[in-house]
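I have placed the structure first, in the form of structure tokens, so that the comments after it can refer back to it.
Number of protein chains: 2
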Amino acid sequence: MPKASPHSASARPSLEDVARRAGVSTATVSRCLNFPSRVREETRARVAQAVADLGYTPHFGGRALASNRTDTMGAVIPTMDNAIFARGIQAVQEELATANATLLIASSGYDPVQEAREIAVLLSRGVDGLLLIGEARPASTYEMLIKRQVPFVLVWTWRADCPHVCVGFDNRAAARALASRVIALGHRDIAMIAGVTDWNDRASERVAGVREALEAAGLALGPDRLIESEYSLHGGAAAFEALRRGASAPTAVLCGNDVLAAGALRAARGLGLSVPRDVSITGFDNIDLAEAVHPSLATVHVPHRRMGAAAARALLALRDGTPLPDDLSFRTHIISRESLSEWPAL
Amino acid sequence: MPKASPHSASARPSLEDVARRAGVSTATVSRCLNFPSRVREETRARVAQAVADLGYTPHFGGRALASNRTDTMGAVIPTMDNAIFARGIQAVQEELATANATLLIASSGYDPVQEAREIAVLLSRGVDGLLLIGEARPASTYEMLIKRQVPFVLVWTWRADCPHVCVGFDNRAAARALASRVIALGHRDIAMIAGVTDWNDRASERVAGVREALEAAGLALGPDRLIESEYSLHGGAAAFEALRRGASAPTAVLCGNDVLAAGALRAARGLGLSVPRDVSITGFDNIDLAEAVHPSLATVHVPHRRMGAAAARALLALRDGTPLPDDLSFRTHIISRESLSEWPAL
DNA sequence: TTGTACGCGTTATCAG
DNA sequence: CTGATAACGCGTACAA
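Chains as they are written, first to last, in the numbering used here: chain A, 138 to 483; chain B, 138 to 483.
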């Protein structure tokens with residue numbers, strides 16, 4: 138007889154408990170919580186008191202079932218282990234909070250299969266919308282999302298003819314600009330330590346951008362000048378060492394992100410090289426790390442926080458059917474720091 | 138007429154839709170999903186097919202309501218902006234996943250009031266248990282948790298007589314050991330750049346540990362030798378500069394974590410000081426950053442990932458009423474690196 | 001092995 | 001302004 142326990146002080150209190158205590162119906166309590174204005178001042182106070190006494194918190198499942206809404210958005214990010222996403226996601230959370238929405242975070246470990254699994258989990262939790270990183274994923278994922286009519290936005294990437302809503306910047310153009318700068322400084326033998334490009338459009342677009350800039354200058358990114366590595370300090374270091382093992386050595390090494398660049402920097406020091414005198418090194422993203430290392434890293438500044446906030450707003454707009462904000466594409470800019478200089482060095 | 142739409146291909150399919158399509162009852166479908174062994178092979182296949190066709194995902198709210206269980210744990214961490222928590226939480230997630238549980242993450246920004254709010258949110262989402270960082274928080278929070286009978290564990294902290302379940306290490310002892318090492322190297326004027334100790338027992342315990350070691354050696358941590366700072370590169374740099382402004386300067390600066398230490402390192406370079414010749418600097422946590430900077434940071438190694446995994450197991454044990462694992466307290470150890478040397482330097 | 005029927009906590013409709 | 005009451009999707013006794 139479940140209904141029989143009238144005073145179980147320990148269990149989670151329900152709407153009905155509150156109603157009983159306040160001497161009103163459950164409907165009134167519900168209204169008090171959702172539309173306070175539609176309840177008489179005095180009743181409202183009585184209910185508020187009962188809520189406080191009992192420490193009542195609405196049951197999320199019940200609410201979701203009845204209202205078919207969760208005020209929750211989901212995000213699947215490659216990893217939390219990177220300041221980029223950590224910072225951007227924090228901004229997403231803050232922006233959503235202003236609209237009384239919550240963010241559920243899952244990570245995929247850069248694996249599209251795992252990502253699909255996490256998306257399914259989030260959907261079964263009834264998220265009102267989804268925030269995904271980048272554009273590269275199986276078509277089946279997109280089909281499912283569209284069939285289900287789940288609002289979603291793609292972040293950290295942007296191109297004019299992307300068929301989906303995306304909020305971010307043009308990775309290719311940014312990388313091209315950086316490479317052009319390096320070329321303009323006199324470098325002719327340029328190498329790249331890229332992130333793993335498989336199912337990662339940010340990584341592959343950055344490679345493409347570098348390649349374009351080189352070719353526009355009559356140079357090329359030979360196969361022995363391009364190494365892919367997971368985004369880790371150690372990976373960056375190992376890749377740098379591999380690049381130096383050849384007969385000739387590049388005078389500039391462009392890295393797919395700041396973490397790789399910091400690893401390369403460390404490896405350079407280990408090999409007794411002076412940066413930038415012997416070799417220039419650049420990063421990408423402009424996380425704190427870029428300024429913490431010595432020499433400080435020349436890199437590409439990306440407005441992670443503003444992007445995250447904009448993505449959140451776009452997602453809410455999609456959900457509410459209101460017009461999309463127009464600040465979906467962001468500009469990056471090159472940050473000149475110690476690790477990059479002209480070649481040959483003075 | 139909600140029930141009237143028999144073939145709404147777009148909306149979210151329900152158990153009933155699946156049942157209809159497979160020509161069985163909803164109970165059978167439910168069993169297929171939860172106890173496959175109790176269903177005949179052939180029926181199971183038909184149901185599986187229907188599930189696949191419809192792209193069915195169980196409705197979380199409905200399930201939570203019916204089973205009063207969510208297979209979800211909640212965690213409130215101070216910030217995602219720190220590799221410590223990012224890494225530890227990732228381990229928590231992985232460990233929970235092996236038990237088919239999910240983790241909901243919220244952040245408090247080091248604010249106990251915000252933390253209480255986030256806890257309420259997580260509870261209303263029906264989490265089966267809670268993972269909290271450190272021990273310092275209002276008594277009211279603990280009272281509520283206990284009254285509600287919510288299983289919870291405290292992580293990143295540990296002391297023998299903690300009244301709650303905690304998984305971590307003795308911050309005070311670790312800091313004491315590090316300070317003792319510094320003293321043994323000959324340093325006599327030692328300063329500390331601590332994290333903000335207000336409502337942060339890890340930060341204050343680390344200060345206490347340093348103080349104890351100094352006093353045991355007949356030294357003291359004068360008020361002008363202790364600065365609190367938020368955990369940021371910039372804060373560490375500013376604090377270091379402040380420490381150097383006095384008439385005399387400390388020969389060793391112990392920092393509350395690696396980020397502060399990296400900031401101090403940068404400030405030292407800015408002031409034209411050589412580390413460790415002019416001043417030694419130490420960190421705490423041993424995150425990647427400690428090895429990325431130059432000189433590399435002497436620090437205290439903390440097994441974040443193992444701690445996270447252990448915390449997850451403890452939480453599951455609490456929920457299931459099984460005996461707690463006994464690997465709740467972890468040992469740290471000092472990592473000697475370039476930034477720390479004897480005094481006076483050779 | 002399978003089906004029927006009820007209840008979980010909430011919202012929303014409708015009547016008072 | 002307030003109260004009854006019918007959904008919402010799922011799990012699970014219980015019956016068949």
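Ideal Cβ placement from N, Cα and C applies to all residues, glycine included. Note that this is a predicted model, so its numbers are computed, not measured.
Interface criterion not met: the Cβ of Thr469 (chain A) is under 8 Å from no Cβ in chain B. Counting only runs of at least 4 residues, the region 219-303 of chain A fully encloses the following alpha helix (DSSP H) elements, listed from N- to C-terminal order: 220-234, 249-261 and 276-284. The beta-bridge partner set that DSSP reports for Ala384 (chain B) is empty.
Within chain A, the C-beta atoms nearer than 9 Å to that of Ala399 (chain B) come from Asp425, Leu426, Ala429 and Val430, in chain order.
Here the alpha carbon of Leu380 (chain B) sits roughly 12 Å from the alpha carbon of Gly359 (chain B). Taking the CA atoms as reference points, Arg262 (chain A) sits about 24 Å from Gly445 (chain B). Each residue's CA atom was taken as its position, placing Cys169 (chain A) and Arg181 (chain A) some 6 Å apart.
Considering only B:Arg468, B:Ser466, B:Arg442 and B:Ile471, the residue with the shortest C-alpha distance to Gln230 (chain B) is B:Arg442. DSSP, read as helix, strand or coil, puts Ile364 (chain B) in strand. Of the other Cβ atoms in all chains shown, 16 or more fall within 10 Å of the Cβ of Phe306 (chain B); this residue is therefore buried.
Close to Leu465 (chain B), with beta-carbon spacing below 8 Å, lies no residue of chain A; the smallest spacing is near 24 Å. Counting C-beta atoms within 10 angstroms of its own C-beta, Ile283 (chain A) has fewer than 16 neighbours from the protein chains shown and is therefore classed as exposed. By the criterion of a C-beta distance shorter than 8 Å, Ala354 (chain B) is surrounded in its chain by Ser317 and Ile320, once the five residues flanking it on both sides are discounted. Between the alpha carbons of Thr194 (chain B) and Asp208 (chain B) lies a gap of roughly 16 Å. Setting aside the 5 residues that flank it on each side, Phe467 (chain B) is surrounded in the same chain by Phe306, Pro440 and Met444, each with a C-beta closer than 6 Å to its C-beta; the list follows chain order.
When secondary structure is reduced to three states using DSSP, Leu356 (chain B) falls in the coil class, being assigned neither helix nor strand. Going by C-alpha positions, Arg414 (chain B) is about 6 Å away from Ala482 (chain B).
Per DSSP, the continuous alpha helix (DSSP H) segment holding His441 (chain B) begins and ends at His441 to Asp457. In this model, Gly346 (chain A) and Ser369 (chain B) are separated by some 33 Å (Cα to Cα). Contact with chain A is absent for Phe289 (chain B), since none of that chain's Cβ atoms lies less than 8 Å from the residue's Cβ. The three-state reading of DSSP puts Asp335 (chain A) in coil, since its state is none of H, G, I, E or B. Gly211 (chain B) has its alpha-carbon roughly 9 Å from the corresponding atom of Leu269 (chain B). Between Leu391 (chain A) and the set A:Ser385, A:Leu402 and A:Asp425, the nearest pair of CA atoms involves A:Leu402. Among the CB atoms of chain B, none fall inside 8 Å of the CB of Val213 (chain A). For the pair Ile424 (chain A) and Ala220 (chain A), the Cα-to-Cα distance works out to about 7 Å. Contact between the region 230-248 of chain A and the region 280-296 of chain A is absent, with fewer than three C-beta pairs closer than 8 Å.
Considering only beta carbons, the part of the region 180-199 of chain B lying closer than 8 Å to chain A consists of Gly192, Thr194, Pro195, His196, Phe197, Gly198 and Gly199, in chain order. At a C-beta separation below 8 Å, Gln227 (chain B) has these neighbours in chain A: Thr216, Met217, Asp218 and Ser244.
Interface criterion not met: the Cβ of Val155 (chain A) is under 8 Å from no Cβ in chain B. Ala398 (chain A) and Gly407 (chain B) have their C-alpha atoms spaced approximately 22 Å apart. With contacts defined by Cβ atoms closer than 8 Å, Ser478 (chain B) and Leu322 (chain B) form a contacting pair. Leu391 (chain B) is bridged by DSSP to B:Met329 and B:Thr419. Ser433 (chain A) sits in coil when the DSSP states are folded into three classes, being neither helix nor strand.
Neighbours of Thr239 (chain A) in chain B, taken as residues at a C-beta separation under 7 Å, are given in chain order as Val258.
Residue contact check for Ser366 (chain A) against chain B: no CB pair falls below 8 Å. Taking a beta-carbon distance threshold of 8 Å, Met444 (chain B) does not count as an interface residue toward chain A.
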